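Trainee:
There are 2 protein chains.
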Amino acid sequence: MINQLAIIGVGLIGGSLSLALKKAGMVKEVIGYSRTEEVRQQALELGVIDKVANSIAEAVQDADVIFLAVPMAAMEPVLVELAEHVKEGAIITDGGSAKAQVVTAAKSALGDKFSQFVPGHPIAGTERSGPEAAFATLYQDHRVVLTPVEETNADALAAVRDMWQQTGAEVFDMDVEHHDVVLAATSHLPHVLAFNLVGMLADRDDCDDVLRYAAGGFRDFSRIASSDAVMWRDICLTNKDAILGLLHQYHQDLNKIEAAIENQDGDYLIDVFKRAKQARDTRFNEPGLIDNSEV
Amino acid sequence: MINQLAIIGVGLIGGSLSLALKKAGMVKEVIGYSRTEEVRQQALELGVIDKVANSIAEAVQDADVIFLAVPMAAMEPVLVELAEHVKEGAIITDGGSAKAQVVTAAKSALGDKFSQFVPGHPIAGTERSGPEAAFATLYQDHRVVLTPVEETNADALAAVRDMWQQTGAEVFDMDVEHHDVVLAATSHLPHVLAFNLVGMLADRDDCDDVLRYAAGGFRDFSRIASSDAVMWRDICLTNKDAILGLLHQYHQDLNKIEAAIENQDGDYLIDVFKRAKQARDTRFNEPGLIDNSEV
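Here the protein sequences line up with chains A and B, keeping their order. The working numbering numbers the first residue of the first sequence as 16 and each following residue consecutively. The working numbering numbers the first residue of the second sequence as 16 and each following residue consecutively.
Quick look at the structure:
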């Protein structure tokens, strides 16, 4: 049971953790802070939090667990600001989508309290945001990855693991670097690729006409290009190394496909396409028809 | 009303046209041919066709309308084979995903009968194939693009338009070149991009581990990488010019994003991502939540 939980950033991610822990009876009081006063009040009125803090200092001073659910670019300044106000033994954890940068920022900002910091990433979300988008079951049956480092206190890690399990999530531990590569491969790179395609089509004079004939396949492929631009800028900037490494490989592989099309090398294409299909079919066995898979 | 319709390739696309026209009472008799005898018999037993032809010559000799629903690579040999057996005034049309190559093949194979050829492309499909996958409502509320050329006979064009409208499809006319670019942009290129990503991940030693953490965003993005490898090889090879042109542009745009990440140029990223999001949101206004859009 958590006596007081402080949520910094009471939007979809932070608000949903609060609601899930309240529902599970795992927290006595939730105090929340968001940069905008309107958002803080809204979170209170919606019952997402129990108490509003008007500063980060106020939010964290009595908290036993502090959850940072702010955009990636805000992690470092928030960590710097809260460092001197955190009480002895309090646990700090976060929900950032890339871990190396947050860990570096936490190490520098928290000093000897760094062992109480548990880097985390709940792999869940919807395209909506703000406290009104929060709901108690967001994390149910979703994965939460924790990326403890050498200095991480074992009790703090166990407490954060337990907290997430109470929301219905499956909790996994991973190396910081491995997390960042895995997420770059399955989330960050696909977003960049989809943004790039839709951005390229949006620049065409005949964009409307082109998109009129797009069907199911394109709709699914490009859905992630509808994600929040600021959030994705932050992720690209903060997970730079992992994303650039994979982009480099992606370019090289795409060049090979390009050469095969140019040289009418059907065998090469079949080989790549078959391996891709097999990997996807093995991993994602989805029942039912796909509408318009050809287009 | 069509007296006799010949379907060359009685799979999902050909079989569904037959079933739709029978349901609409628009055809007296459907004769079908597929390369494999087993498939021909299956189509007959399932009632997808009324009569089996054991050769292309036999299939087309009495037909008033001939529909080619064979893989792209088979279009040319099939056109060559049927040319001398087609009766006077018969209309020939096809369902190929790229039009320039089929038009060139038809011009060369059909000679003075080329004016009776109406190039077409029903933008519909599922991931299933074969006569057992065919169903009468496949084309309902889907788009069919016809790409008549200068030589195309106006009556033949009108008859094919009418035929598709009877299936419940919306029929549009388009230039051959424009069709091929539009489809390359919204279908062929996305498939190549998705195949390339999943193929690249499939080659990693930690592929299983990587894909274990992939969530909704990746699932949607990569769904098209589950499409038939042979069909997509054929499309890549036959729509070569349009695909290569767009791939070239895609590479250039991706290089700019790469440079922006490298140089931590957040403004550039925001600009591309916002334009992409806006284009997609304007075109595809999907109600409801997207599960895991962040990942």
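Ideal placement from N, C-alpha and C gives every residue a C-beta, glycine not left out. Being a predicted model, the structure only gives us computed values, none of them experimental.
#1: Rounded to whole angstroms, what's the CA-CA distance from Ser33 of chain B to Gly183 of chain B? Just pull it up for me.
#2: I'd like to check one pair, Val45 of chain A with Asp7 of chain A: are the Cβ atoms closer than 7 angstroms?
#3: Quick one: which chain D residues come within Cβ less than 7 angstroms of Arg248 of chain B?
#4: Measure the Cβ-Cβ separation of Val67 of chain B and Arg55 of chain B and say whether it is below 7 angstroms.
#5: I want to verify the contact list: residues of chain B whose CB lies under 8 angstroms from the CB of Gly214 of chain A, in sequence order.
#6: At least one CB of chain B closer than 7 angstroms to the CB of Glu273 of chain A: is that the case?
#7: Checking contacts by CB at 7 angstroms: is Ile71 of chain A closer than that to chain B?
#8: Can you tell me which residues form a DSSP beta bridge with Glu44 of chain A?
#9: According to DSSP, which residues form a beta bridge with Arg158 of chain B?
#10: Looking at the secondary structure, which residues open and close the beta strand (DSSP E) in which Thr108 of chain B lies?
#11: Run through the DSSP bridge pairs and tell me what Phe132 of chain A is partnered with.
#12: Beta-carbon within less than 8 angstroms of Pro163 of chain B's beta-carbon, same chain only, minus the 5 sequence neighbours each way: which residues are those?
#13: Rounded to whole angstroms, what is the Cα-Cα separation between Glu96 of chain A and Val245 of chain A?
#14: With a 10 Å radius around its C-beta and 16 neighbouring C-beta atoms as the bar for buried, classify Gln267 of chain A as buried or exposed.
#15: Give the interface partners of Lys114 of chain A over in chain B, defined as CB-CB distance under 9 angstroms, in chain order.
#16: Return the first residue and the last residue of the beta strand (DSSP E) that Val80 of chain B is part of.
#17: Does DSSP put Val67 of chain A in a helix, in a strand, or in coil?
#18: Can you check the stretch 241-289 of chain B for any beta strand (DSSP E) of at least 3 residues that lies completely inside it and give the ranges in chain order?
#19: Run the CB neighbour count on Met87 of chain A, radius 10 Å, all protein chains shown included, and call it buried at 16 or more, exposed below.
#20: Does any CB atom of chain B fall closer than 7 angstroms to the CB of Thr182 of chain A?
#21: Any chance the stretch 283-300 of chain A sits against the stretch 187-205 of chain B, with 3 or more Cβ pairs inside 8 angstroms?
#22: Give the DSSP-derived three-state secondary structure of Glu73 of chain B in the structure shown.
#23: Could you give the residue range of the alpha helix (DSSP H) that holds Pro205 of chain B?
#24: If you pair each beta-carbon of the stretch 237-253 of chain A with each one of the stretch 218-229 of chain B, do three or more pairs fall below 8 angstroms?
#25: Using the Cα positions of Lys128 of chain A and Asn211 of chain B, report the straight-line distance between them to the nearest angstrom.
#26: Please tell me whether Tyr228 of chain B has its Cβ less than 7 angstroms away from any Cβ of chain A.
#27: In whole angstroms, what separates the C-alpha of Gly110 of chain A from that of Arg158 of chain A?
#28: Please name the residues in the stretch 154-184 of chain A whose beta-carbon is closer than 8 angstroms to at least one beta-carbon of chain B, in chain order.
#29: So what does DSSP say about Thr201 of chain A, is it helix, strand or coil?
#30: Who are the near neighbours of Lys292 of chain A in its chain, counting only those whose CB is closer than 7 angstroms to its CB and skipping five residues on each side?
#31: Taking a Cβ distance cut-off of 8 angstroms, strictly less, list which residues of the stretch 16-45 of chain A are near chain B, in chain order.
#32: Please report the distance separating the alpha-carbon of Arg295 of chain B from that of Phe236 of chain B.
#33: Can you grab the Cα-Cα spacing for the pair Asn141 of chain A / Ser112 of chain A, in whole Å?
#34: Taking the CB atoms as reference points, tell me whether Ala124 of chain B and Ala98 of chain B lie closer together than 7 angstroms.
#35: Kindly indicate the opening and closing residues of the alpha helix (DSSP H) around Ile28 of chain A.
Mentor: So, from the data block:
#1: 13 angstroms
#2: Absent from the structure is residue 7 of chain A, since the part of chain A shown begins at 16 and ends at 310.
#3: In the structure shown, chain D cannot be found, because the protein chains are A and B.
#4: yes
#5: Asp268, Val287, Phe288, Arg290, Ala291, Ala294
#6: yes
#7: no
#8: A:Gln19
#9: B:Ile138, B:Glu185
#10: 106-109
#11: A:Ile107
#12: Val133, Pro134, Leu172, Asp188
#13: 22 angstroms
#14: exposed
#15: Ordered by position in chain B, no residue passes the 9 angstroms Cβ test against Lys114 of chain A, which lies about 13 angstroms from the chain.
#16: 80-83
#17: strand
#18: none
#19: buried
#20: no
#21: no
#22: helix
#23: 204-217
#24: no
#25: 44 angstroms
#26: yes
#27: 12 angstroms
#28: His157, Arg158, Val160
#29: helix
#30: none
#31: none
#32: 14 angstroms
#33: Note on residue identity: the sequence assigns Thr, not Asn, to residue 141 of chain A. If you take the alpha carbons of Thr141 of chain A and Ser112 of chain A, they lie about 14 angstroms apart.
#34: yes
#35: 27-38
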